[in-house]
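Student: Per the working numbering: the sequence shown ends with 904, consecutive numbering throughout.
Every residue gets a Cβ at the ideal spot worked out from N, C-alpha and C, and that includes glycine.
Here you go, one structure.
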Amino acid sequence: MSSAPDTVHNGSLAPYAANPAGSRGRQHHEPAPAYRSEYQRDRDRIIHSAAFRRLEYKTQVFVNHEGDLFRTRLTHSIEVAQVARSIARALQLNEDLTEGIALAHDLGHTPFGHAGQDALNACMKNHGGFEHNLQSLRVVDELEDRYAEFPGLNLTFETREGILKHCSLKNAAALGDLGRRFIEKQQPSLEAQLTNLADEIAYNSHDVDDGLRSGLITVEALNTVALFREQYETVRSRYPDLAPRRTIHEVVRRLIGCQVIDLVETSKADLEQAAPDNIDAVRNHGKALIAFSDAMREKNLELKRFLRTHLYRHYRVHRMSAKAGRTLTALFEAFLDDPRLLPEESQQQTTLLEKTGGRDGRARAVADYIAGMTDRYAITEFERTFNPAV
Ligand code: MG
């Protein structure tokens, strides 16, 4: 028995929201789910995937072993989903689709955050490159092996569209239907647009929190940034005796709150003015309809610049990044040179991809294996590969 997919928990969708009844469907045909909408099924498949569980041990900014309280890619993804769902509900957009996109958006991330991505991209330079966003799509389209009837998770077009945030024209051409919007300069669904910005709200805010906790940045330095200073001054004047840690937590929650409110109000006004009839009108609209106000965008950029200079480029973060890059590069070279060093399943995959893609195929299989590693697995695998005493 299957329920009417367009009515499950989505009684009050705006006309421009993504509606499962109007979905562009899945790559492999499947009967409609019972008691769930198509987008709920996508979300559920993402939660049950191996790639999702691996996010627990992948770096956001701080490597897992540096402390238990820092964000990981898993807690980051859950925070993105929380922010994104609040925005979706406020704008009468599809919460299920939004949640699925948010939980899947970082599935293709390598171990060790951006350092890992940069190292793997350099390794793959002559073999088609490596891009974590494209890899997220590869994970859900091909690499997960959980279902008898199809490879990957066989997600709907709309979830896949939301996962693919950016794409070169060359890659877009190879992606067929999904890549077309980059060539034709169309917009994705509003759910995809808002999740992209929810990602920014989440990491800007939690990186402030984690940065302060680590001691790599200070409140004094952050007070040069308008967005932080405004919230900090409000909290200090209302609660002058509050302990420092609690003050910071109160500031961080307000940082999230003020950005969400700005985004909802600006987008609401833009949507009222543009009044798109349906999701196609959203896609054909000349620009994104989910946006911050100009003032908030400026403040946001200022905070981002601060975090880049003072946190992401801090020598201690950089030192770990450099180690991470060397670790992944060494593993990649060793595996590409001698695939027999790989576990059996990955060896089979290497042989398979080499058959169709030659040396590039072999390199792709090695990159898939490395990208799937957690931080600690990569560290252990490095030891096992290079240390004769292990
Ligand atoms: Mg993210």
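#1: Does the pairing of the stretch 640-648 with the stretch 571-587 give three or more beta-carbon distances under 8 Å?
#2: Distance check for H619 and P534, CA to CA, integer angstroms please.
#3: Shortest alpha-carbon distance to R822 belongs to which of G839, I731, A877?
#4: Where does E859 land, buried or exposed, given buried means 16+ other C-beta within 10 angstroms?
#5: Taking the alpha-carbon positions, what's the A564 to T670 distance?
#6: The alpha helix (DSSP H) that contains T748, what's its start and end?
#7: Can you find the residues in the same chain that come closer than 6 Å, C-beta to C-beta, to K813, ignoring five residues on each side of it along the sequence?
#8: As a quick check of your reading: which residues have a C-beta less than 5 Å from at least one non-hydrogen atom of the ligand MG, in chain order?
#9: Alpha carbon to alpha carbon, what distance is there between E570 and P625?
#10: Going by DSSP, name the residue or residues bridged to T586.
#11: Is it true that the CB of S728 sits closer than 7 Å to the CB of V766?
#12: Can you tell me whether R540 is helix, strand or coil according to DSSP?
#13: Can you list, in chain order, the residues of its chain whose CB lies under 7 Å from that of A735, leaving out five sequence neighbours each side?
#14: Measure the C-alpha to C-alpha separation of H832 and G627 and round it to an integer number of angstroms.
#15: Should L803 and A788 be called a contact, given that it needs their Cβ atoms to be closer than 7 Å?
#16: Going by C-alpha distance, which of R555, R540, L611 is nearest F664?
#17: Helix, strand or coil for T888 per DSSP?
#18: Counting C-beta neighbours from all protein chains within 10 Å, is the total for E698 16 or more, i.e. buried, or is it exposed?
#19: Under 8 Å, with one C-beta from each stretch per pair, do the stretch 769-783 and the stretch 859-869 reach the 3-pair mark?
#20: Would you say S835 touches the ligand ADP, meaning its beta carbon is less than 6 Å from a heavy atom?
#21: Residues in its own chain within less than 7 Å of D877 by CB, not counting five upstream and five downstream?
#22: Secondary structure at T521, three-state DSSP: helix, strand or coil?
#23: When you compare the CB positions of L651 and I677, do they come within less than 7 Å of one another, or not?
#24: Count the other CB atoms, across all protein chains shown, that sit within 10 Å of the CB of R819; report buried if there are 16 or more and exposed otherwise.
#25: If you count every other CB in all the chains shown that lies within 10 Å of the CB of G690, and 16 or more means buried, which is it?
#26: Quick check on T864: does DSSP put it in helix, strand or coil?
#27: Helix, strand or coil for T670 per DSSP?
#28: Hey, how far is the Cα of H623 from the Cα of I561?
#29: Whole angstroms are fine: how far does the CA of D556 sit from the CA of R567?
#30: Work out the CA separation of A636 and G839 for me, nearest whole Å.
#31: Out of curiosity, what's the CA-to-CA distance linking D852 and I893?
#32: So, using beta-carbon positions, are A716 and V597 closer together than 7 Å?
Tutor: This is what the structure holds:
#1: no
#2: 20 Å
#3: Ranking G839, I731, A877 by CA distance to the CA of R822 puts I731 first.
#4: exposed
#5: 19 Å
#6: 740-752
#7: A740, L741
#8: So the residues near the ligand MG by this Cβ test are D620, D713.
#9: 11 Å
#10: T573
#11: Between V766 and S728, the gap from beta carbon to beta carbon reaches 7 Å or more.
#12: If DSSP states are grouped into helix, strand and coil, R540 belongs with the strands.
#13: H824
#14: 12 Å
#15: yes
#16: R540
#17: coil
#18: exposed
#19: no
#20: For the structure depicted, the ligand ADP is absent and the ligand set comprises only the ligand MG.
#21: In the sequence as displayed, the identity of residue 877 is Ala instead of Asp. Within the same chain, A877 has close Cβ partners M638, H641, L850.
#22: Only weak support exists for where T521 lies, its pLDDT of 43 falling under 50; the value from the coordinates is given anyway. Coil, per DSSP.
#23: For L651 and I677, yes; Cβs fall inside 7 Å.
#24: exposed
#25: exposed
#26: helix
#27: When DSSP states are grouped into helix, strand and coil, T670 belongs to the strand group.
#28: Using only the alpha carbons, I get a separation of about 16 Å.
#29: 16 Å
#30: 10 Å
#31: 19 Å
#32: yes
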